[in-house]
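Enquirer:
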Amino acid sequence: MNLTERWKTFREFLVDVRKEVGKVSWPAKDEVVGTTTVVIVYTAVVGVFLFTVDAAITPVINWFFASFGQ
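When the sequence shown is numbered by our numbering, its final residue is 561 and no position is left out of the sequence of numbers.
(1) Among the residues of its own chain, which have a CB less than 7 Å from the CB of D545, if the five just before and after it don't count?
(2) What residue range does the alpha helix (DSSP H) around V506 cover?
(3) Short check: CB of T526 to CB of P518, under 9 Å?
(4) What did DSSP end up calling A535 once you bin it into helix, strand or coil?
Next up, the structure:
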């Protein structure tokens with residue numbers, strides 16, 4: 492395949508991509524903002540939960556290794 496054929500194939504690919512992107516059903520701005528807010532809040536809640544669990548378990552694990560570790 493020479494350079495001209497490759498360029499033609501690439502150009503056809505880009506035309507097809509543009510057609511397919513035009514068929515996509517894009518969400519409204521309000522929907523994107525709403526779902527993004529949910530993801531950020533959920534991530535923060537899970538982060539705080541994991542931090543709390545880690546802070547609560549760390550002394551127990553330290554005691555265990557101090558008592559029974561080598």
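For every residue, glycine included, the Cβ atom is placed at its ideal position computed from N, Cα and C. These numbers were taken from a predicted model, which means no experiment stands behind them.
Expert: From the atom records:
(1) none
(2) L494 to K514
(3) In this structure, T526 lies near P518, with their beta-carbon atoms less than 9 Å apart.
(4) helix
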